[in-house]
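Shown next, in structure tokens, is the structure this report addresses.
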């Protein structure tokens with residue numbers, strides 16, 4: 001802060017320093033990490049240097065250290081400085097909230113585009129630390145360590161009490177419409193999962209519903225809510241657990257919180273495929289592009305199965321590298337996590353340097369030639385979720401004894417390549433799109449059913465004799 005004199009420690013308040021302010025008077029200086037520890041998006045607190053008058057008015061603020069992914073790669077230093085400079089002139093007792101300009105009783109400040117959670121955490125960090133500093137300063141013995149020109153600590157009176165509303169309450173109120181829409185959507189998805197055997201037998205309806213759902217995932221969850229989950233979320237959660245678990249930091253983004261809660265439930269019941277196939281915006285964008293290209297007659301190409309299986313290892317190696325870097329520095333891990341194009345496509349909406357935009361566009365173009373290329377071979381989030389899939393409870397994807405012996409219809413049609421030539425579904429790779437289940441019940445596509453249908457027409461079987469085998473459950477239906 002220009003013009004401030006030499007700082008001296010306030011002995012009665014560890015971590016607090018006093019100095020002569022420009023033009024006379026006193027200023028209190030402190031680092032927020034000495035007074036509060038609020039985990040940010042990365043799971044690590046943001047540390048700021050704050051200048052405060054003894055009466056509680058903010059004079060300056062500056063970010064000293066952080067490990068926020070969006071601030072490491074995405075938000076410029078100029079944008080960050082402009083954000084924290086909004087505290088200048090406001091009072092520590094003000095109810096300062098991001099975006100609360102029109103709400104009575106609150107003092108609103110502008111957020112950081114694409115970094116709402118980080119902006120909210122910084123705001124809470126600055127205001128809480130200032131409250132603690134002023135309380136400790138006011139409790140100090142009169143006349144002790146008081147900088148020249150300052151009021152006596154015992155004379156410092158708070159102007160007003162901040163409304164006792166947690167930051168996450170405010171966030172949920174702001175996003176109540178988004179929360180309501182998402183809750184309804186997740187309930188519909190649960191119905192789809194429970195009624196899947198009935199839905200897939202209505203092929204045309206299900207295929208239209210599937211396309212509409214994918215469009216909803218891209219537009220609403222991705223572009224409107226910016227709720228694309230990331231491997232960085234998992235790293236931040238792990239840091240949160242290691243550093244002292246806090247629900248408040250998790251609840252700051254209600255849409256992300258609800259999605260992760262649903263993923264935690266669905267992955268234990270059905271595997272990671274429910275998220276990857278139904279709720280991942282980038283995966284949905286790739287699938288829509290792939291479907292469009294196939295509808296236009298472009299067949300695309302796939303790697304031989306042996307090569308395809310070995311390419312799976314790439315995403316696991318990327319995950320291990322990100323995890324290894326995170327043990328030392330979340331900032332370095334965030335840089336490698338840019339292998340995820342999610343921030344470019346949905347958070348920043350392509351408003352990034354050309355290299356990031358070209359990379360994201362390249363992945364989208366690749367899916368036209370090789371369906372969901374990124375998901376199959378590069379996605380570290382999918383790799384992380386696949387570990388938990390091994391413990392899923394339900395196995396509702398039906399197979400026949402003929403699958404793989406000799407029938408290869410579903411294996412050839414699977415856009416993910418998650419069906420082995422021997423007929424088994426590979427749970428760790430399956431995206432639960434249910435295409436194979438549509439074929440399973442289709443008398444015009446499933447070869448065993450085609451043969452049985454022809455025999456019925458030829459009068460070799462009674463009209464109601466349809467035989468289906470559920471190999472996964474080890475039973476035969478007749």
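Residue numbers (UniProt numbering): 1 to 478. Ideal placement from N, C-alpha and C gives every residue a C-beta, glycine not left out.
Check: Going along the chain, which residues of its own chain have a beta-carbon closer than 7 Å to the beta-carbon of residue 446, five neighbours each way excluded?
Finding: Along the chain shown, one-based indexing puts residue 446 at 446. If we look at residue 446 and ignore the five residues flanking it on each side, its Cβ neighbours are 409, 439 and 440.
Item checked: 9 Å Cβ cutoff met for residue 267 and residue 397 -> Position 267 of the chain shown, counting from 1, holds the residue named residue 267. Position 397 of the chain shown, counting from 1, holds the residue named residue 397. No, Cβ-Cβ distance for residue 267 and residue 397 is not below 9 Å.
Margin query: Using only the alpha-carbon positions, how far apart do residue 314 and residue 451 sit?
Written below: In the chain shown, the residue the question calls residue 314 occupies position 314. In the chain shown, the residue the question calls residue 451 occupies position 451. C-alpha separation (whole angstroms): 41 Å.
Next item on the list: Determine which residues share a DSSP beta bridge with residue 108 and list them.
Entry: The residue you call residue 108 lines up with position 108 of the chain shown. Answer is 97, bridged to residue 108.
Notebook entry, point to check: Looking at the structure shown, is residue 17 part of a helix, part of a strand, or coil, going by DSSP?
Noted result: Locating residue 17 in the chain shown gives position 17, counting from the first residue. If DSSP states are grouped into helix, strand and coil, residue 17 belongs with the strands.
Margin query: Per DSSP, what are the beta-bridge partners of residue 31 in this structure?
Written below: Locating residue 31 in the chain shown gives position 31, counting from the first residue. Answer by DSSP bridge pairing, in chain order: 49.
Notebook entry, point to check: By DSSP, does residue 64 sit in helix, in strand, or in coil?
Noted result: As a working mapping, residue 64 is identified with position 64 in the chain shown. Residue state, collapsed to three classes: strand.
Notebook entry, point to check: For residue 331, which residues of its own chain have a beta-carbon under 6 Å away from its beta-carbon, when the five flanking residues on both sides are left out?
Noted result: The count along the chain shown starts at 1 and reaches residue 331 at position 331. So the qualifying residues of the chain are 67 and 72.
Item checked: Host alpha helix (DSSP H) of residue 323 (start-end) -> Numbered from 1 along the chain shown, position 323 holds the residue referred to as residue 323. Here the alpha helix (DSSP H) through residue 323 covers 313-328.
Check: Less than 9 Å separating the beta-carbons of residue 117 and residue 40?
Finding: As a working note, residue 117 is residue 117 in the chain shown. As a working note, residue 40 is residue 40 in the chain shown. In contact: residue 117 and residue 40 (Cβ atoms closer than 9 Å).
Next item on the list: Spell out the partners DSSP gives residue 9 in its beta bridges.
Entry: In the chain shown, the residue the question calls residue 9 occupies position 9. The partner list for residue 9 (beta bridge, DSSP) reads 17.
Notebook entry, point to check: How would you write the range of the alpha helix (DSSP H) that residue 348 sits in, first residue to last?
Noted result: As a working mapping, residue 348 is identified with position 348 in the chain shown. Premise fails: residue 348 is in no alpha helix (DSSP H) and is neither H nor E.
Check: Residues in its own chain within less than 8 Å of residue 216 by CB, not counting five upstream and five downstream?
Finding: Counting from one through the chain shown, the residue named residue 216 turns up at place 216. Within the same chain, residue 216 has close Cβ partners 185.
Checklist line | Same chain, Cβ closer than 7 Å to residue 269, five either side skipped, listed in chain order | finding: Taking the first residue of the chain shown as 1, we reach residue 269 at position 269. Around residue 269: 392, 393 and 394.
Next item on the list: Note down the Cα distance separating residue 288 from residue 262, rounded to an integer number of angstroms.
Entry: Position 288 of the chain shown, counting from 1, holds the residue named residue 288. Position 262 of the chain shown, counting from 1, holds the residue named residue 262. Each residue's Cα considered, the two are about 23 Å apart.
Next item on the list: May I have a chain-ordered list of the alpha helix (DSSP H) segments no shorter than 4 residues that lie completely inside the stretch 177-236?
Entry: 196-199 and 203-216
Margin query: Just to confirm the assignment: which complete alpha helix (DSSP H) runs, minimum length 4, are found wholly within the stretch 357-404?
Written below: 373-377 and 380-389
Check: With a Cβ-Cβ cutoff of 9 Å, do residue 100 and residue 170 count as a contact?
Finding: As a position in the chain shown, residue 100 is number 100, starting the count at 1. As a position in the chain shown, residue 170 is number 170, starting the count at 1. Their beta carbons are under 9 Å apart, which means residue 100 touches residue 170 by this criterion.
Notebook entry, point to check: residue 312: which of 21, 284 and 418 sits nearest, CA to CA?
Noted result: The count along the chain shown starts at 1 and reaches residue 312 at position 312. Taking only the C-alpha atoms, the option nearest residue 312 is 418.
Next item on the list: Could you tell me which residues DSSP puts in a beta bridge with residue 308?
Entry: For the purposes of this step, residue 308 is taken as residue 308 along the chain shown, with counting starting at 1. For residue 308, which the question treats as bridged, DSSP gives no partner whatsoever.
Next item on the list: Check whether the Cβ atoms of residue 339 and residue 281 sit closer than 9 Å, and answer yes or no.
Entry: Numbered from 1 along the chain shown, position 339 holds the residue referred to as residue 339. Numbered from 1 along the chain shown, position 281 holds the residue referred to as residue 281. Contact flag unset, no.
Item checked: Opening and closing residue of the alpha helix (DSSP H) in which residue 435 lies -> As a position in the chain shown, residue 435 is number 435, starting the count at 1. Element bounds for residue 435: 435-440.
Next item on the list: Answer yes if the stretch 185-205 comes into contact with the stretch 247-255, meaning at least three C-beta pairs across the two stretches below 8 Å, and no otherwise.
Entry: no
Check: Where does residue 458 fall in DSSP's three states?
Finding: The count along the chain shown starts at 1 and reaches residue 458 at position 458. Three-state result, residue 458: coil.
Checklist line | Neighbour-count burial assignment, residue 455, 16 or more Cβ in a 10 Å radius | finding: Walking along the chain shown from the start, residue 455 turns up at place 455. Residue 455 should be labelled exposed.
Notebook entry, point to check: Quick check: the stretch 59-66 against the stretch 84-99, are there 3 or more CB pairs under 8 Å?
Noted result: yes
Margin query: Per the DSSP calculation, residue 58 is bridged to which residue(s)?
Written below: Residue numbering aside, residue 58 sits at position 58 when the chain shown is read from its first letter. Note: residue 58 sits in a beta bridge opposite 52.
Next item on the list: For residue 324, count neighbouring C-beta atoms within 10 Å of its own C-beta (all shown protein chains included) and say buried if the count is 16 or more, exposed if not.
Entry: As a working note, residue 324 is residue 324 in the chain shown. It is exposed - the Cβ of residue 324 has fewer than 16 other Cβ atoms within 10 Å.
Checklist line | Beta-bridge partners of residue 91, as assigned by DSSP | finding: Your numbering for residue 91 matches position 91 in the chain shown. Looking at the DSSP assignment, residue 91 forms a beta bridge with 57.
Next item on the list: Would you kindly check if the distance between the Cβ of residue 426 and the Cβ of residue 378 is under 9 Å?
Entry: One-based indexing of the chain shown puts residue 378 at position 378. One-based indexing of the chain shown puts residue 426 at position 426. For residue 378 and residue 426, no; Cβs fall outside 9 Å.
Note to self: Does the stretch 115-130 come into contact with the stretch 25-40, if we say contact requires no fewer than three beta-carbon pairs (one atom in each stretch) closer than 8 Å?
What the structure shows: yes
Next item on the list: Report the residue from 220, 166, 208 and 305 whose alpha carbon sits nearest the alpha carbon of residue 177.
Entry: Locating residue 177 in the chain shown gives position 177, counting from the first residue. Among 220, 166, 208 and 305, the Cα nearest to that of residue 177 is on 220.
Note to self: By the three-class DSSP mapping on this structure, what secondary structure does residue 280 have?
What the structure shows: In the chain shown, counting from the first residue as 1, residue 280 sits at position 280. The answer is coil: DSSP assigns residue 280 none of H, G, I, E or B.
Next item on the list: In the DSSP assignment, find the alpha helix (DSSP H) that holds residue 77 and state where it starts and stops.
Entry: Residue numbering aside, residue 77 sits at position 77 when the chain shown is read from its first letter. Run containing residue 77: 77-84, per the alpha helix (DSSP H) assignment.
Notebook entry, point to check: What is the DSSP secondary structure of residue 115, reduced to helix, strand or coil?
Noted result: On the chain shown, position 115 is the one that residue 115 refers to. Coil, per DSSP.
Margin query: Rounded to the nearest angstrom, what separates residue 82 and residue 125 at their Cα positions?
Written below: In the chain shown, residue 82 corresponds to position 82, counting from 1. In the chain shown, residue 125 corresponds to position 125, counting from 1. Spanning the two alpha carbons is a distance of roughly 17 Å.
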